[in-house]
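To keep things clear, I will list the structure first and then write my remarks on it.
Numbering (UniProt numbering), first residue to last: 1 to 315.
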């Protein structure tokens, strides 16, 4: 389906929970946020119904997000259910990987195609500080288990934070030297708890090119600009929502764990879908897609207009 700007909408980011086993500093306030109750989140059947309706409107790619999706019990069963939806060509998941090792093989067998792993540092102490208690060892074990389970084209996502983890860029990038993965660096966005952070925290993705000499431009992959170094197995990606707004090519919509359609990550607009079925569900999806804004208004001086923190929306 085309939105009001003529963009083809074919990508759904579906949050299965707002809960997370980490408390990343840029994602949640130090004290955490109020969590939805079990009855407040969509059941597996409701989630699958939303995916089915979206697929009828042209969505071909679905990404499971959270919070941390792996805190949702029985996730491989949801993967099997969505994998069976006609029209879904790719099913992926974003995870911090700390809970991945025990279930990686089951997820792959259930039909999960690809993984994006959030990893902002390879320093164990800094990882624990940034995640407020997370284990780098567990995250790396999850990455290894994914490789052993047969996952390919895994992407590692790092949020760039000036004065926090920018010194880690060379080491993170070199994960792509010997592994066929894309290590992608994402510009920090002023939303949620980091909206009021000092401007020095918001560094451009060009920092990566300065820190990792020898990278050569390769191609675009969705929102990422890929760069490659001769002899490397994988690539380095730059995602620039701040310095190079890519709204004109956005093909995605989001549905939150409590069943609200967000046509744009950075807009406050949300359309409730829970309790709708058949044509009523399709009609609201069409309305939301048609109302997708042309671009976000976020920059160094203007925070995201989203009314929720990232864990409540889905990464």
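All C-beta atoms in this analysis are idealised placements derived from N, C-alpha and C, irrespective of residue type, glycine included.
### Message
Do residue 161 and residue 242 count as a contact pair if the criterion is CB distance below 8 Å?
### Response
no
#### Entry: Host alpha helix (DSSP H) of residue 217 (start-end)
Careful: residue 217 lies outside any alpha helix (DSSP H), inside the beta strand (DSSP E) at 216 to 221.
#### Entry: DSSP beta-bridge partners of residue 155
116, 182
### Query
Taking the alpha carbon of residue 113 as the point to measure from, which residue in 152, 76, 85, 136 has its own alpha carbon closest?
152
### Query
When the Cα atoms are used, what is the spatial distance from residue 174 to residue 133?
25 Å
### Query
Does the beta-carbon of residue 214 have 16 or more other beta-carbons within 10 angstroms, so that it is buried, or is it exposed?
exposed
### Query
Measuring CA to CA, which of 280, 192, 202, 44 is closest to residue 382?
Absent from the model: residue 382. The displayed extent of the chain is 1 to 315, so no value can be given.
### Query
At which residues does the alpha helix (DSSP H) containing residue 110 begin and terminate?
104 to 110
### Task
Using three-state DSSP, classify residue 38 as helix, strand or coil.
helix
### Task
Apply the 10 Å Cβ neighbour rule to residue 2 and answer buried if 16 or more other Cβ atoms are within range, or exposed otherwise.
exposed
#### Entry: Alpha-carbon to alpha-carbon, residue 285 and residue 303
With a pLDDT of only 46 at residue 303, under 50, the local geometry of the prediction cannot be trusted, and no value is derived from it.
### Message
Quick check: is the beta carbon of residue 206 nearer than 8 Å to any beta carbon in chain C?
### Response
Looking at the structure shown, chain C is missing, and only one protein chain is on hand.
### Task
State the Cα-Cα distance for the pair residue 375 and residue 233, rounded to the nearest angstrom.
Look at the range of the chain in this structure, 1 to 315, and you will see that residue 375 is not part of it.
### alpha helix (DSSP H) segment containing residue 278, residue limits
278 to 290
### Query
Closest by CA to residue 24, which one among 135, 108, 111?
135
### Query
What residue does the beta strand (DSSP E) around residue 11 start on, and which one ends it?
11 to 15
### Task
Please determine, among 79, 144, 212, 139, the residue with the shortest C-alpha to C-alpha distance to residue 168.
212
#### Entry: For residue 144, the nearest candidate out of 163, 180, 129 (CA to CA)
180
### Query
Any idea what DSSP makes of residue 239, helix, strand or coil?
strand
### Query
Quick one, which of 40, 91, 155 has its alpha-carbon nearest residue 107's?
91
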